[in-house]
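Presented below is the structure to which this report refers.
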Amino acid sequence: MTHLKISVPDWCFYSKLAEGPRYYELLGSLGVDGVEMVPPERHAMARDAGLAILNQSGPGMQEGLNRLENHARLLPQIRESLGSAAAAAIPLVIVFSGNSAGQADAEGIENCRRGIEALLPDAERAGVILGFEMLNTDDHPDYQACHGSYGFAVAAGLGSPRFKLVYDIYHMERMGDDSARDIAGNLGLIAHLHVAERPRRDKPLAKGAIRYGSIVPVIVNAGYDGFWGLEFIPRGDPLSDLRESIGMLRQAANGSGPWAASRTQ
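Structure (structure tokens):
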């Protein structure tokens, strides 16, 4: 039986479920394995509850690595993030393309590649992965890396185990990408997954607009054994939404849900 590793970003649920040590203890009781984007002052609370801290967010979401003029400012900031992540034993720092502002994708990809290439020695010394995230343009207007193909193109030009992708199924499905195909075909380039339903970024469903009952087994059967981050906004009771999402994903991974027999791939 597959044990699907589940993580929860603090920004989605902290204070909605509980606060302080009680929050992390509650996540542990639900079977959550890790947490994401945790402020430094709460690191000890998370670890005391037995939770791994998986990542932290770096700078440059709007003014990012896709423009050379940003590198003099961004690269030192990202190096600082790598150092703080290493000191806190956090394995991944999330980085971004930035907005396009009319720039051609090919130019942005090359500039991202150049910026990441300059950071790879720092990532290697820190023992930290640079995780490049793609985002949809409805939630993040004009964000340039808005398809998986953009991230894959950056990664293909680097070939380093210290650079991988943070692939958010919600973001990419909202942009029309085939996430199951893209993830299964590029497992070696992917560090971490996020999930949510579209279009409201609420709890993932087995047979919703994004059919996680079909997507999850394809990715698991392809060999993905990383974390599935529940990066969604609860619309109902946060505890119920979280518990149902965890159950659904784990059932899907093991083909044991009530919808499993009729799923299509």
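Counting in this note's numbering, the sequence shown runs from 2 upward without gaps. Glycine is no exception: its CB is placed at the ideal position from the N, C-alpha and C atoms.
Neighbour-count burial assignment, residue i, 16 or more Cβ in a 10 Å radius
i	result
Met249	buried
Glu42	exposed
His4	exposed
Leu166	buried
Thr265	Per-residue confidence for Thr265 stands at a pLDDT of 40, beneath the threshold of 50, marking its modelled position as unreliable; no derived number is given.
Pro10	buried
Bounding residues of the beta strand (DSSP E) (the contiguous stretch that carries residue i)
i	result
Phe14	From DSSP, Phe14 is part of no beta strand (DSSP E) but of the alpha helix (DSSP H) over 11-14.
His193	191-196
Leu231	228-231
Leu206	Here Leu206 belongs to no beta strand (DSSP E), and DSSP marks it neither H nor E.
CA-to-CA distance, residue j to residue i, given in whole angstroms
i	j	result
Asp169	Ala107	22 Å
Lys17	Gly230	17 Å
Ile184	Gly51	29 Å
Asn255	Gly214	10 Å
Val33	Asn100	33 Å
Gln104	Ile216	33 Å
Ala119	Val96	14 Å
Leu190	Gly132	10 Å
Glu125	Arg163	7 Å
Leu66	Ile117	8 Å
Tyr15	Ile91	19 Å
Asp77	Glu70	In the sequence as presented, Asp is not what sits at residue 77; that position holds Pro. Between Pro77 and Glu70, the C-alpha separation is close to 13 Å.
Ser8	His148	23 Å
Proximal residues to residue i (C-beta, below 8 Å), its chain only, five neighbours per side dropped
i	result
Asp226	Lys6
Ala127	Leu83, Gly84, Ala86, Ala87
Paired residues, beta bridge with residue i - DSSP
i	result
Asn137	Paired residues: none, contrary to the question.
Ile95	Ser58, Gly132
Glu37	Pro10
Tyr168	Leu194
Close beta carbons around residue i, own chain, < 7 Å, minus the five adjacent residues each side
i	result
Arg244	Leu31
Glu174	Ser180, Arg199, Ile211
Gly29	Ala50, Gly51, Leu52
Ala207	Tyr213, Gly214, Met249, Ala253, Gly258, Trp260
Span of the alpha helix (DSSP H) around residue i
i	result
Leu250	239-255
Tyr144	Segment: none, Tyr144 is in no alpha helix (DSSP H) and carries neither H nor E.
Asp123	106-127
Ile79	72-88
Arg182	180-185
His44	44-49
Tyr1	The question about residue 1 has no answer, for the chain in this structure spans 2 to 266.
Tyr225	Careful: Tyr225 lies outside any alpha helix (DSSP H) and carries neither H nor E.
Gly152	149-157
Same chain, Cβ closer than 6 Å to residue i, neighbours up to 5 away in sequence not counted
i	result
Pro22	Met46
Asp139	none
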